[in-house]
Structures are given as structure tokens and as C-alpha cells.
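Each residue of the sequence shown is one higher than the last, beginning at 0 in numbering that gives the first Met the number 0.
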Amino acid sequence: MSKKESKKTKYEELIKPHLEDIKCYVSHGVTEEEVRNFYGIGKTMWYEYKKKHSELNELLCNAKQICRVNLLNRAFEVANGYEYTETTTEEVKDKDGNITGTKTKVVKRYARADAGMIQFLLINRYPEDFARDPQILSIRKESLKNKSNDISEEESNVVGI
Numbered sequence: 000m001s002k003k004e005s006k007k008t009k010y011e012e013l014i015k016p017h018l019e020d021i022k023c024y025v026s027h028g029v030t031e032e033e034v035r036n037f038y039g040i041g042k043t044m045w046y047e048y049k050k051k052h053s054e055l056n057e058l059l060c061n062a063k064q065i066c067r068v069n070l071l072n073r074a075f076e077v078a079n080g081y082e083y084t085e086t087t088t089e090e091v092k093d094k095d096g097n098i099t100g101t102k103t104k105v106v107k108r109y110a111r112a113d114a115g116m117i118q119f120l121l122i123n124r125y126p127e128d129f130a131r132d133p134q135i136l137s138i139r140k141e142s143l144k145n146k147s148n149d150i151s152e153e154e155s156n157v158v159g160i
């Protein structure tokens, strides 16, 4: 008697062998939708795979976190200014105009701090201190306090206090 081989699921066929590639793609900024389209997986199946296979869901969460950290680090670098090297290659010609070789030139350059990025980071990372419109921020805080008070009053009414 011959043993029947267990049939591989679509997940085992399409996703599992490519988990490391998917992690690399997502950590470099590729969206889940782009990954789904690349592997030919529908939206519903993708979400089902994420529910059923915790390894995929965890991998995606970790890769997105890596992407966020890299973006934030780069934003800080741009905001503060940074050094970089620029390499150019020039052709060397003799008196007759014939190419005799190439000359590589390496220059260290400095990218100045970007005021726009500084402003963006301050406003988004520290909104209490650097909001564009402090009045709107205080209105939002007041609104949140009112909502939380309303919710706690409703809870006390339900409990009968």
C-alpha cells in the first residue's frame, strides 16, 4: 500500500516558504497590500492567514516596528544634519582626447540640519509643547475629559450608585 502524501495548504505553499522574504519586504516599507498582490493572495485570505497563523502576524508586527524605528532614526538624522561620502568617477584623457583610464574622487560632504524635519518631529513627538495651535490642543484635551466623565457617569448609573 502506498502512503498518501498530505496535501499542502495554500499557506504552506505560498506564504510559509517566503516568511523571511516577507519580513524583509515589510521592514523596508513594503505594505501588506503590496505583499498580498505580489504573492497573488486575496484580502480575505490574507486576514484569515494572519488570524490562523500567529507566526505570520508576529512577523508582520515585528517587521513594521523595524520599519518605524528605521524611519524615525532617519528622520532624526535628517533633522540634525549628517555626514556622507560622495563618490564620482571621471574619465582621464590624453592630449589627443583618447581615454587612458578613470579617476575616482571621494568627497566627504555634510547635509545641514533640516528645519522642516525638526518642526515635524517636534510637533508630532511633543504636541503638548510644540503644537501649531495650542488652543485646539487644549480643546481636544477638554473634549476627552468630558467624554471620559460621561462614560464614568453612565457606568455608575448602570451599576446603580
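Cβ atoms here follow ideal geometry from the backbone N, Cα and C, with glycine treated the same way.
Worksheet item: Going by other Cβ atoms of all chains shown within 10 Å of its Cβ, with 16 needed for buried, is Ile-21 buried or exposed?
Response: Ile-21 should be labelled buried.
Discussion item. Taking the alpha-carbon of His-52 as reference, which of Glu-11, Thr-88, Lys-102, Gly-39 has the nearest alpha-carbon?
Written reply: Glu-11
Fill in: alpha helix (DSSP H) segment containing Gly-115, residue limits
114-124
Worksheet item: Near Asn-56, what residues of its chain come up, given a Cβ to Cβ distance below 6 Å and the 5 sequence neighbours on each side ignored?
Response: Lys-49
Worksheet item: Three or more C-beta pairs closer than 8 Å, one from the region 95-113 and one from the region 71-83: is that the case here?
Response: Cβ pair count under 8 Å is three or more, so yes.
Discussion item. Give me, in chain order, the residues of the same chain whose beta-carbon lies closer than 6 Å to that of Ile-98; leave out the 5 immediate sequence neighbours on both sides.
Written reply: Glu-90, Lys-92
Discussion item. Rounding to the nearest angstrom, what Cα-Cα distance links Lys-6 and Val-25 in this structure?
Written reply: 29 Å
Worksheet item: If you scan the region 8-65 from start to end, which runs of the alpha helix (DSSP H) of 4 or more residues do you find wholly inside it?
Response: 18-26, 31-38, 42-51
Worksheet item: Which residues in the same chain as Glu-63 place their Cβ atom closer than 7 Å to its Cβ, once the five residues preceding and following it in sequence are excluded?
Response: Before going on, a small fix: residue 63 reads as Lys here, not Glu. Only Val-25 meet the Cβ criterion.
Practice prompt. In the DSSP assignment, find the unbroken beta strand (DSSP E) run with Leu-100 in it and report its ends.
Written response: Before going on, a small fix: residue 100 reads as Gly here, not Leu. Where Gly-100 is concerned, the enclosing beta strand (DSSP E) starts and stops at 98-110.
Item to complete: Could you give the DSSP three-state label for Lys-92: helix, strand or coil?
Response: Assignment of Lys-92 by DSSP, reduced to helix, strand and coil, places it in the strand class.
Worksheet item: For Glu-85, which beta-bridge partners are listed by DSSP?
Response: Val-106
Worksheet entry | Pairwise C-alpha distance: Arg-35 and Lys-144 | 41 Å
Practice prompt. Determine the DSSP secondary structure at Asp-132, reduced to helix, strand or coil.
Written response: Asp-132 falls in the coil class under three-state DSSP.
Item to complete: Report the three-state DSSP secondary structure of Lys-140 (helix, strand or coil).
Response: helix
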